[in-house]
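Asker: Counted the way UniProt numbering counts, the sequence shown spans residues 1 to 209. Ideal Cβ positions, reconstructed from N, Cα and C, are used throughout, including at glycine.
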Amino acid sequence: MMDVKDSEWDDVREVVKKLCDSKDFNLLNIAEAYRSILHSVGEDPDRIGLLKTPERAARAMLYFTKGYKESLSEIINDAIFDEGHGEMVLTKNIEMFSLCEHHAIPFFGKVHIGYLPDKKVLGLSKLGRVVEMFSRRMQIQERLTEQIAKAIIEVVQPIGVAVVIEATHLCMTMRGVQKISAVTTTSCMLGEFRKNAKVREEFLQLIKI
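Right, here's the structure in full:
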């Protein structure tokens, strides 16, 4: 941990006290890392505009990565229902925000999920929660797509699952090639969605891809 002079970063002292009470030491560690980054890029973290920036940035990072502290069983709870429904269930345009693990820069977009139930259906809000849990981690879009699909297989054992993600990556728009209109599309088709072209085509028509 960085050494901080007694006369510096007074606001952090109050944060430390709160952390000692709450046992949330991760926040302090991340805040000190951000303070070091500000120093390294040539900024003065003790100027008025930046005094609380390390703490605020640390809280934001913990929120962006809160999915690491969540589990599938916790977010699904008991929202699995025996309905005998055999037609496709589709939820599209689920908003998604994540951090690219290569540059720690955000990517964001829409997730489309379809599945063919085998007697059991999942509470509709839980599809969004599955997306949220896996997206609030350091990710790549390809893995995120697959994790969402496999999670749905795990919890309701459907006949098939399809997941498509359309996303904008700020690592392509803010830096590098700087192509601001680029959209990356990934898909994961399992079960009948992989084997049956008609089922797959119905899903793609419904989400207009």
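Since residue 221 and Thr186 are thought to touch, with beta carbons under 8 Å apart, how far apart are those beta carbons, to the nearest angstrom?
Answerer: Since the displayed the chain opens at 1 and closes at 209, residue 221 lies outside it and no answer follows.
Asker: Would you report the Cα separation of Met1 and Gly128, rounded to the nearest angstrom?
Answerer: Its pLDDT being 47, under 50, Met1 is placed unreliably in this model, and the value from its coordinates should be taken loosely. The straight-line gap from Cα to Cα measures roughly 38 Å.
Asker: Please give me, in chain order, every unbroken run of the alpha helix (DSSP H) with length at least 4 that falls completely inside the stretch 49-105.
Answerer: 53-64, 72-76
Asker: Should His169 and Phe107 be called a contact, given that it needs their Cβ atoms to be closer than 7 Å?
Answerer: yes
Asker: Run through DSSP, which three-state label would Lys23 get?
Answerer: Confidence at Lys23 is low in this model, with a pLDDT of 48, below 50, so its placement is unreliable and the value that follows should be read with caution. If DSSP states are grouped into helix, strand and coil, Lys23 belongs with coil.
Asker: Go through its chain and collect everything with a Cβ distance to Ala182's Cβ below 8 Å, but skip five positions before and after it.
Answerer: Thr168, His169, Met172, Thr173
Asker: Taking buried to mean at least 16 other C-beta atoms within 10 Å of its own C-beta, is Val177 buried or exposed?
Answerer: exposed
Asker: Could you give the DSSP three-state label for Arg194: helix, strand or coil?
Answerer: helix
Asker: At 4 residues or longer, what runs of the alpha helix (DSSP H) sit wholly inside the stretch 113-149?
Answerer: Counting only runs of 4 or more, we get 124-135.
Asker: Give the DSSP-derived three-state secondary structure of Glu166 in the structure shown.
Answerer: In the three-state reduction of the DSSP assignment, Glu166 falls in the strand class, which pools E and B.
Asker: Going by beta carbon distance, what residues of the same chain come within less than 6 Å of Glu202, once the five residues before and after it are set aside?
Answerer: Hits under 6 Å: none found.
Asker: Using DSSP with H/G/I as helix, E/B as strand and the rest coil, what is Ala151?
Answerer: Reduced to three states, the DSSP call for Ala151 is helix.
Asker: Is there contact here, the stretch 46-57 with the stretch 70-79, by at least three beta-carbon pairs under 8 Å?
Answerer: no
Asker: For Lys92 and Val161, what's the separation of their Cα atoms in angstroms?
Answerer: 13 Å
Asker: Give the single residue among Lys126, Gly114, Ile159, His102 whose Cα lies nearest to the Cα of Arg137.
Answerer: His102
Asker: Quick one, which of Phe81, Met88, Pro45, Glu146 has its alpha-carbon nearest Leu204's?
Answerer: Met88
Asker: How long is the line joining the alpha carbons of Gly42 and Phe81, rounded to whole angstroms?
Answerer: Just so you know, the alpha carbons of Gly42 and Phe81 end up roughly 56 Å apart.
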